[in-house]
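Residue numbers (the numbering used here), protein chains in the order written: chain A, 124 to 464; chain B, 124 to 464.
2 protein chains.
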Amino acid sequence: MARTTRRIVLAAPATGLPTPATFRLEEAALPALQDGAALVRTIYCSVDPGVRSRLSGGASYAAPLRVGETIDGFCVGEVIESASARVAVGDRVALGGGWAEHVVFPGRGYIQKIPHDRLPLSTWIGALGVPGMTAWFGLKRVAALKEGERVLTTSAAGPVGATAGQIAKAMGASRVVGVASGPEKAAWLRDAGFDAVIDYQTTDDLAGALKAASPDGYDVLFDNVGNAMIDSALPLMRMGGRIVISGQVADYNTPPEARPGLRNTAHFIAQRLRMEGLVVFDDLRGFAAAQEELGALIEAGAVKTREVRVRGLEAAPQAFIDLFADHAAFGRRIVEVGPEQ
Amino acid sequence: MARTTRRIVLAAPATGLPTPATFRLEEAALPALQDGAALVRTIYCSVDPGVRSRLSGGASYAAPLRVGETIDGFCVGEVIESASARVAVGDRVALGGGWAEHVVFPGRGYIQKIPHDRLPLSTWIGALGVPGMTAWFGLKRVAALKEGERVLTTSAAGPVGATAGQIAKAMGASRVVGVASGPEKAAWLRDAGFDAVIDYQTTDDLAGALKAASPDGYDVLFDNVGNAMIDSALPLMRMGGRIVISGQVADYNTPPEARPGLRNTAHFIAQRLRMEGLVVFDDLRGFAAAQEELGALIEAGAVKTREVRVRGLEAAPQAFIDLFADHAAFGRRIVEVGPEQ
Numbered sequence: 124m125a126r127t128t129r130r131i132v133l134a135a136p137a138t139g140l141p142t143p144a145t146f147r148l149e150e151a152a153l154p155a156l157q158d159g160a161a162l163v164r165t166i167y168c169s170v171d172p173g174v175r176s177r178l179s180g181g182a183s184y185a186a187p188l189r190v191g192e193t194i195d196g197f198c199v200g201e202v203i204e205s206a207s208a209r210v211a212v213g214d215r216v217a218l219g220g221g222w223a224e225h226v227v228f229p230g231r232g233y234i235q236k237i238p239h240d241r242l243p244l245s246t247w248i249g250a251l252g253v254p255g256m257t258a259w260f261g262l263k264r265v266a267a268l269k270e271g272e273r274v275l276t277t278s279a280a281g282p283v284g285a286t287a288g289q290i291a292k293a294m295g296a297s298r299v300v301g302v303a304s305g306p307e308k309a310a311w312l313r314d315a316g317f318d319a320v321i322d323y324q325t326t327d328d329l330a331g332a333l334k335a336a337s338p339d340g341y342d343v344l345f346d347n348v349g350n351a352m353i354d355s356a357l358p359l360m361r362m363g364g365r366i367v368i369s370g371q372v373a374d375y376n377t378p379p380e381a382r383p384g385l386r387n388t389a390h391f392i393a394q395r396l397r398m399e400g401l402v403v404f405d406d407l408r409g410f411a412a413a414q415e416e417l418g419a420l421i422e423a424g425a426v427k428t429r430e431v432r433v434r435g436l437e438a439a440p441q442a443f444i445d446l447f448a449d450h451a452a453f454g455r456r457i458v459e460v461g462p463e464q
Numbered sequence: 124m125a126r127t128t129r130r131i132v133l134a135a136p137a138t139g140l141p142t143p144a145t146f147r148l149e150e151a152a153l154p155a156l157q158d159g160a161a162l163v164r165t166i167y168c169s170v171d172p173g174v175r176s177r178l179s180g181g182a183s184y185a186a187p188l189r190v191g192e193t194i195d196g197f198c199v200g201e202v203i204e205s206a207s208a209r210v211a212v213g214d215r216v217a218l219g220g221g222w223a224e225h226v227v228f229p230g231r232g233y234i235q236k237i238p239h240d241r242l243p244l245s246t247w248i249g250a251l252g253v254p255g256m257t258a259w260f261g262l263k264r265v266a267a268l269k270e271g272e273r274v275l276t277t278s279a280a281g282p283v284g285a286t287a288g289q290i291a292k293a294m295g296a297s298r299v300v301g302v303a304s305g306p307e308k309a310a311w312l313r314d315a316g317f318d319a320v321i322d323y324q325t326t327d328d329l330a331g332a333l334k335a336a337s338p339d340g341y342d343v344l345f346d347n348v349g350n351a352m353i354d355s356a357l358p359l360m361r362m363g364g365r366i367v368i369s370g371q372v373a374d375y376n377t378p379p380e381a382r383p384g385l386r387n388t389a390h391f392i393a394q395r396l397r398m399e400g401l402v403v404f405d406d407l408r409g410f411a412a413a414q415e416e417l418g419a420l421i422e423a424g425a426v427k428t429r430e431v432r433v434r435g436l437e438a439a440p441q442a443f444i445d446l447f448a449d450h451a452a453f454g455r456r457i458v459e460v461g462p463e464q
């Protein structure tokens, strides 16, 4: 076989919203496998808003992608060559690999054999992948959610927010409120068990709507949106409340100095609030156990999932741009890169 | 004896900086003691910047003082009547009582017998009182400071900041940096063991100065100043860093919507930062043990204390106003209300 693949790389650092010119599709040679490495044929890859923070070149605080590097994404695929003791040819695996038709597992880091086929394969880069694990460990470890507490999730129809709200209900939260944009999302979230949904698009008094949706306030804010959202919720946080900073989709495209600021920080003292940032790879060792529990909730219908699929690697850039621009579609953005069989 | 006392009450809610007209000195009748109560003759009372948040009337988020209520402060004094099993006539005690020549302990809440006379009496509303306990539990419980870590304290020449920095050194911090205003404070803090002090008055690049003072960054920010200070420090926080919100002296006089905002919140995710507000009365049960340890450090000279004293109850309002306006004096502000004997 020809040892080449197709991949999408950073063509030019993005300032503000990414555009098609941010990305470039190219053919690239695949290296010979080193000891411990494996070659995976991509079946699905994911489109993740958090990647935005790596596309700004040197202006970003995070380790930026360099021009010519493959765009980050999670993949599920089939192992087609292996020099690794961890995976064998024919295994279905999930790994970080990026937007490419073939990805090389370098022998270290995150790769996971998919343990059963009772759920759709794409679930392993969705509700049982990074978004779902983020929801799980954000609630369990960072927020330490307790039964009877009140939970607010934002960007609630996204794969993290929707899963977080449903996990919170399954953990015994007494009230789960979501903020999302548009009536279709609200309807879907209510169907998924959210007690109330605030339509961000049609609400001109967010603070009032947050209060009306949970008159006793919130014990946990699981935020995927950014500073303006957190600032609106701070006055409604209850004594000992926790704020999980999971994502900042409204702020990724804005340089820090132009972002809205948190001003209601007096509530940190008055209500003894705690706010903490989350990167779920800190919890890698807990993934398998969490996936077993969360997988059971999904199989039982207690946690619903939703996907937006696009076909072909070349569709990935527009799917990424749509994350920030197209507020109608919602769900985990999945690129169908290759056939399941 | 005449059962009256003199006290200072809220005369008019403050907007912006408090002024002499915010306060009123009045003569007031003392009530008969209920079961469990005690009457204390005030010797010293404290002037606390955090009280500012209660002086704005209904516009404040915290339970505001009403016009005619005694201004908050901590007192040390002598029990002169007691219907309480907790204290006896002649005991020296510390309690929350406010700016008054006599204060009634109502039978519930914070009152503490002063266990020994090896330290000046005023220490019990200073380094062994709320400021010192705030420093102690902020570092020990909220920040969970570990040996070898790097600590930044702000308003560092104030009683909380100065004590926090010295406790951090005693706990084995590898580097303690303070932010304070003016060369006298910097000199005193260096003498007290701070590794570096940034003079806020003469620094036009605070972020640069913070970086230069600890090139490897900070594990703990113990902040007494407010949003602008925290925002400058966020990019310098190390992985897993903790921010203790202990006070917000720069923001108390500004309504929330006009305060500077935290914009550098992306670092919460990138560095897994945790920020938490502190009210030290949550730690009341630990005071006695903490005072024993911290008292030993003070007796040994490992923690230095400093006071600014004014004489007479009527001097309390100006001492309070000076907290926000007079940046030359520094140390715990103590009002000499009555004689020690």
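Even for Gly, the Cβ is constructed at its ideal location relative to N, Cα and C.
Euclidean distance between Cα positions of residue i and residue j
i	j	result
L218 of chain A	G232 of chain A	9 angstroms
L202 of chain B	V367 of chain B	A quick correction: the sequence has Val, not Leu, at residue 202 of chain B. Spanning the two alpha carbons is a distance of roughly 36 angstroms.
A182 of chain A	R361 of chain B	Low per-residue confidence applies at A182 of chain A: pLDDT is 45, beneath 50, and the placement is therefore not dependable, though the value from the model is reported in the following sentence. When rounded, the distance between both Cα atoms is 19 angstroms.
G364 of chain A	M256 of chain A	22 angstroms
A250 of chain A	A423 of chain A	14 angstroms
D445 of chain A	T325 of chain A	20 angstroms
K427 of chain B	T165 of chain B	25 angstroms
L359 of chain B	R298 of chain B	14 angstroms
H390 of chain A	E380 of chain A	23 angstroms
H225 of chain A	Y323 of chain A	39 angstroms
A151 of chain A	V163 of chain A	15 angstroms
A155 of chain B	T128 of chain B	13 angstroms
A208 of chain A	P462 of chain A	25 angstroms
Q371 of chain B	F317 of chain A	37 angstroms
P172 of chain A	R313 of chain A	24 angstroms
T377 of chain B	G139 of chain B	6 angstroms
D240 of chain B	I290 of chain B	22 angstroms
Beta-carbon proximity check, residue i vs residue j, cutoff 8 angstroms
i	j	result
A293 of chain A	L420 of chain A	yes
S369 of chain B	L329 of chain B	no
W222 of chain B	C168 of chain B	yes
E416 of chain B	V265 of chain B	no
I457 of chain A	R432 of chain A	yes
V300 of chain A	A336 of chain A	yes
A160 of chain B	F228 of chain B	yes
L333 of chain A	L275 of chain A	yes
L385 of chain B	L396 of chain A	no
G200 of chain B	V216 of chain B	yes
V253 of chain A	V460 of chain A	no
S179 of chain A	A137 of chain A	yes
A451 of chain B	G288 of chain B	no
Nearest residue (CA-CA) to residue i, options the options
i	options	result
G196 of chain A	A:R175, A:E204, A:V190, A:R209	A:R175
G284 of chain B	B:A310, B:S245, B:V348	B:V348
G454 of chain B	B:P136, B:S337, B:G340, B:V170	B:V170
G340 of chain A	A:E430, A:V372, A:A309, A:G271	A:G271
L148 of chain B	B:A137, B:V132, B:D158	B:V132
D406 of chain B	B:A258, B:I353, B:L188	B:A258
R126 of chain A	A:K263, A:R177, A:I234, A:L153	A:L153
G191 of chain B	B:H450, B:Q235, B:I234, B:T145	B:T145
Y375 of chain A	B:T388, B:D374, B:Y375, B:N376	B:T388
K263 of chain B	B:Q157, B:H450, B:Q441, B:A413	B:A413
G220 of chain A	A:V343, A:H239, A:I194, A:D449	A:I194
Within chain E, the residues that residue i reaches when beta carbons sit closer than 9 angstroms
i	result
T388 of chain B	Among the protein chains of the structure shown, namely A and B, there is no chain E.
Buried or exposed (CB count within 10 angstroms, at least 16 for buried), residue i
i	result
D346 of chain A	buried
V212 of chain B	exposed
M124 of chain B	No answer about M124 of chain B holds up, because its pLDDT of 49 lies below 50 and its placement is not dependable.
P282 of chain A	buried
Q464 of chain B	exposed
M141 of chain A	Here residue 141 of chain A turns out to be Pro, not Met, going by the sequence shown. So P141 of chain A ends up on the buried side.
K269 of chain B	exposed
R408 of chain A	exposed
>> Using a Cβ-Cβ cutoff of 8 angstroms, what residues of the segment 402-426 of chain B are near chain A? List them in chain order.
In response: V402, D405
>> At a CB distance below 7 angstroms, what residues from the segment 304-322 of chain A approach chain B? Give them in sequence order.
In response: none
>> By the 9 angstroms beta-carbon criterion, what residues does the segment 157-177 of chain B contribute toward chain A?
In response: Using a CB distance below 9 angstroms, the part of the segment 157-177 of chain B facing chain A consists of G173, S176, ordered along the chain.
>> Tell me which residues of the segment 243-255 of chain A have at least one Cβ-Cβ distance to chain B shorter than 9 angstroms, keeping chain order.
In response: Result list empty, no residue passes.
> Which residues, taken in chain order from the segment 290-304 of chain A, show a beta carbon closer than 8 angstroms to some beta carbon of chain B?
Replying inline: none
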